[in-house]
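Trainee: Numbers -26 to -1, 1 to 233, taken from mature numbering (1 follows the signal peptide of the UniProt record, and there is no 0), label the letters of the sequence shown in order. Every residue gets a Cβ at the ideal spot worked out from N, C-alpha and C, and that includes glycine.
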Amino acid sequence: MVFRKSLLKLAVFALGACVAFSNANAAEGKLESIKSKGQLIVGVKNDVPHYALLDQATGEIKGFEVDVAKLLAKSILGDDKKIKLVAVNAKTRGPLLDNGSVDAVIATFTITPERKRIYNFSEPYYQDAIGLLVLKEKNYKSLADMKGANIGVAQAATTKKAIGEAAKKIGIDVKFSEFPDYPSIKAALDAKRVDAFSVDKSILLGYVDDKSEILPDSFEPQSYGIVTKKDDPAFAKYVDDFVKKHKNEIDALAKKWGL
């Protein structure tokens, strides 16, 4: 009986040691894992002009956030070519980070208190504000003119809440239609299935054409951070320090891409 109790205690101790080791490895292992495999995997958009847009001719994703991702790869691995880009959208970027498909997400991921409870965010690398893209023929001058309008937004984005609250403040009702990506919203606007396309203003700049315009209204500042898993504090600190250290370079990249 004494032998069995001792054996049980030993098993419990061993299990506890394994859990402790596993937790420590999860906290400290991401950076080493990236170095070991010699590649940084980053989730980026592929439909956002200036930020990350698929070049149909080359099959490459290019833009400001892609360059930031390459700068991070160079910081970790000494080579900005040691990177793999995975296309994400507002609905898939979180799950792909959760299941380990990507090491980090750099994809116009707005920092909010709710999201910070789930993920680690670096300090902002860019700040924007939500806007409205409308057809010129509608003669809208501001959100106040859009009573009953149907506004196209991306799925799982912060836009719907921000515009809804702004509309409520000025006493008008608006409707929302959600889409999987930005080109789908622009197509719906052009086809007059929605009255406005709403997302961050610098993103809207990539979709303006001769028939459309961005209204002067600005809603709810949007700060973008590099996102990592909550259980990777060591990697999160590295990424946060990276943003601080390379602020001038990141600002220069934003200007390079017209942001």
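Excluding the 5 residues flanking D53 on each side, which residues of the same chain have their C-beta closer than 8 Å to its C-beta?
Mentor: A47
Trainee: Do F171 and K160 have their C-beta atoms within less than 8 Å of each other?
Mentor: yes
Trainee: For the alpha helix (DSSP H) containing I125, name the first residue and the last one.
Mentor: Not the alpha helix (DSSP H): I125 falls in the beta strand (DSSP E), residues N124 to A128.
Trainee: Counting only runs of 3+ residues fully inside the region 93 to 155, write out the beta strand (DSSP E) ranges in chain order.
Mentor: 93 to 95, 100 to 109, 124 to 128 and 149 to 153
Trainee: Going by beta carbon distance, what residues of the same chain come within less than 7 Å of I15, once the five residues before and after it are set aside?
Mentor: K58, V60, V76 and D77
Trainee: By DSSP's criteria, G17 is part of a beta bridge. Which residues make up the other side?
Mentor: V60 and V79
Trainee: When DSSP labels each residue in this structure, what does F(-6) get in the three-state scheme?
Mentor: For F(-6), the pLDDT reaches just 40, beneath the cut-off of 50, and the residue's location in the model is therefore unreliable, although a value from the coordinates is still provided. F(-6) falls in the helix class under three-state DSSP.
Trainee: Taking Y198 as part of the beta strand (DSSP E), name the residues at either end of that continuous run.
Mentor: F193 to Y198
Trainee: Among all the DSSP beta bridges, which residues are the ones paired with E187?
Mentor: V108
Trainee: Taking L46 as part of the alpha helix (DSSP H), name the residues at either end of that continuous run.
Mentor: It spans F38 to L51 - the alpha helix (DSSP H) in which L46 sits, taken as one unbroken run.
Trainee: Is it right to say M(-26) is buried, meaning 16 or more other beta carbons lie within 10 angstroms of its own, or is it exposed?
Mentor: Because M(-26) carries a pLDDT of 47, less than 50, the predicted location of this residue cannot be relied on, and the following value inherits that uncertainty. Exposed, because fewer than 16 other Cβ atoms sit within 10 Å of the Cβ of M(-26).
Trainee: For the structure I just gave you, are there three or more beta carbon pairs, one from the region 119 to 129 and one from the region 191 to 206, closer than 8 Å?
Mentor: no
Trainee: Out of K115, K134, D29 and V217, state which residue places its alpha-carbon closest to the alpha-carbon of F19.
Mentor: A small fix is needed here, since residue 19 is Lys in this sequence, not Phe. That would be D29, whose Cα lies nearest to the Cα of K19.
Trainee: Could you please give the first and the last residue of the uninterrupted beta strand (DSSP E) stretch that includes A170?
Mentor: Residue range A170 to D174 is occupied by the beta strand (DSSP E) that includes A170.
Trainee: Tell me whether the beta-carbon of S192 lies closer than 8 Å to the beta-carbon of A136.
Mentor: No, the pair does not count as a contact, with Cβ atoms beyond the cut-off.
Trainee: For I85, name the three-state secondary structure that DSSP assigns.
Mentor: In the three-state DSSP reduction, I85 falls in the coil class, being neither helix nor strand.
Trainee: On the three-state DSSP scale, how would you describe L70?
Mentor: Three-state result, L70: helix.
Trainee: For L27, which of helix, strand or coil comes out of DSSP?
Mentor: strand
Trainee: Residue range of the beta strand (DSSP E) that K219 falls in?
Mentor: Run containing K219: none in the beta strand (DSSP E); it sits in the alpha helix (DSSP H), P207 to K219.
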